[in-house]
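Sequential numbering from 89 applies to the sequence shown in this note's numbering. I have placed the structure first, in the form of structure tokens, so that the comments after it can refer back to it.
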Amino acid sequence: MGAAPPKTVMITGVSRGLGRALALELARRGHTVVGCARSPEKLQALVTELTLDEPASSSSSTSKHLLKHLDVRSDNCIKELAKLVVEEGKVPDIIVNNAGTINKNNKIWDVPAEEFDMVIDTNIKGIANVMRHFLPLMIERKRGVIINMSSGWGRSAVAEVAPYCSSKWAIEGLSKSVAKEVPLGLAIVALSPGVVNTDLLASCFGSNAALYEAPESWAPKAATMILNLTSEDNGASLTI
Ligand SMILES: NC(=O)c1ccc[n+]([C@@H]2O[C@H](COP(=O)([O-])OP(=O)(O)OC[C@H]3O[C@@H](n4cnc5c(N)ncnc54)[C@H](OP(=O)(O)O)[C@@H]3O)[C@@H](O)[C@H]2O)c1
């Protein structure tokens, strides 16, 4: 597979796990990363690493990447981020709606209402917020790919993570519906990343999470797949 021309890729949830590993892999391949998460300290550490990971030929004193600490549940924060990328000339070619959370393993009657809301607000409304403010930018440019992180549990059912499953099934429906709304040239895709050893996996799998692959070995496969998506993939449900 040849090197893809440099792109601007926005990833939500870059402070750890899959988002962080993907951001580093894309920077290493010469792409520009726009990222966000809630932890300012982790983003600060990442921006340094991203710059170190840029190909030597692109060395410059300031980072070309743009990281903002924000909560994807806030429509206003996402609106401000969309304004900022326009001002900075970093409208994304690709968006990976990766930020996500999971409820503590529990039967539905033991899941507090606030925890259910947290999962739905992050995993569904967070993605809707991004599509609301970034799709008009992509439509104006007549191109763009949005990858919404789904899960194997967005296509199957399992006990004790019903809030999470509900949110990921919603992402499959949301993605396929929005795919029917966007004009030719754009693509909306639901992507199941496989099973990878992250904080989120440790929450539901406990110590068995360590039996699964690390984000660092997942990221090269994910980056290659994501960079090669085209408008022909619009509406697809894909798996890494
Ligand atoms: N790991 C797997 O095996 C697996 C399998 C299927 C699907 N997925 C999906 O893949 C995505 C990434 O998961 P992961 O395993 O990498 O999880 P993770 O290690 O827990 O990382 C989640 C990321 O999302 C960010 N985030 C959470 N809530 C946020 C909010 N309200 N606003 C902004 N950022 C927020 C976190 O940063 P802050 O805490 O700093 O905000 C963190 O960077 C999720 O959508 C998940 O459902 C993962």
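Every residue, glycine too, gets a C-beta built ideally from N, C-alpha and C.
For a test of the three-state rule: what should DSSP assign to residue i, helix, strand or coil?
{"i": "ASN185", "result": "strand"}
{"i": "LEU274", "result": "strand"}
{"i": "THR136", "result": "helix"}
{"i": "GLU57", "result": "Residue 57 lies beyond the range of the chain shown here (89 to 328); nothing can be said about it."}
{"i": "ALA92", "result": "coil"}
{"i": "ILE190", "result": "coil"}
{"i": "VAL97", "result": "strand"}
Write down the C-beta distance between residue i and residue j rounded to the nearest angstrom, noting that I regard them as a contact closer than 8 Å.
{"i": "LYS95", "j": "HIS119", "result": "5 Å"}
{"i": "LEU114", "j": "VAL121", "result": "6 Å"}
Tell me which residues share the same chain as residue i and place their Cβ nearer than 7 Å to its Cβ, disregarding the 5 neighbours each side in the sequence.
{"i": "GLY273", "result": "LYS230, ARG231 and SER319"}
{"i": "ALA267", "result": "ILE276, ASN322 and GLY323"}
Going along the chain, which residues of its own chain have a beta-carbon closer than 6 Å to the beta-carbon of residue i, five neighbours each way excluded?
{"i": "ASN236", "result": "ASN185, ILE215, ILE259, SER263 and ALA278"}
{"i": "VAL218", "result": "ILE166 and ASN185"}
{"i": "GLN132", "result": "none"}
{"i": "TRP241", "result": "CYS253 and LYS256"}
{"i": "GLU304", "result": "ALA109"}
Over what stretch of residues does the beta strand (DSSP E) that includes residue i continue unbroken?
{"i": "VAL233", "result": "232-237"}
{"i": "SER325", "result": "325-327"}
{"i": "LYS156", "result": "154-157"}
Just curious, the alpha helix (DSSP H) that residue i is in, first and last residue?
{"i": "GLY105", "result": "105-116"}
{"i": "THR286", "result": "No alpha helix (DSSP H) contains THR286, which DSSP labels as neither H nor E."}
{"i": "VAL122", "result": "Here VAL122 belongs to no alpha helix (DSSP H); instead the beta strand (DSSP E) covers 120-125."}
{"i": "LEU172", "result": "163-175"}
Of all Cβ atoms in chain D, is any one closer than 7 Å to the Cβ of residue i?
{"i": "VAL135", "result": "Of the protein chains in this structure there is only one, and it is not chain D."}
Query raised in the report: So, do the region 215-233 and the region 174-192 have three or more beta carbon pairs nearer to each other than 8 Å?
Result: Judged by pairs of C-beta atoms under 8 Å, the region 215-233 touches the region 174-192, as three or more such pairs exist.
Query raised in the report: Is the number of C-beta pairs between the region 200-215 and the region 288-300 that are closer than 8 Å three or more?
Result: Touching, no, given that fewer than three Cβ pairs across the two stretches are closer than 8 Å.
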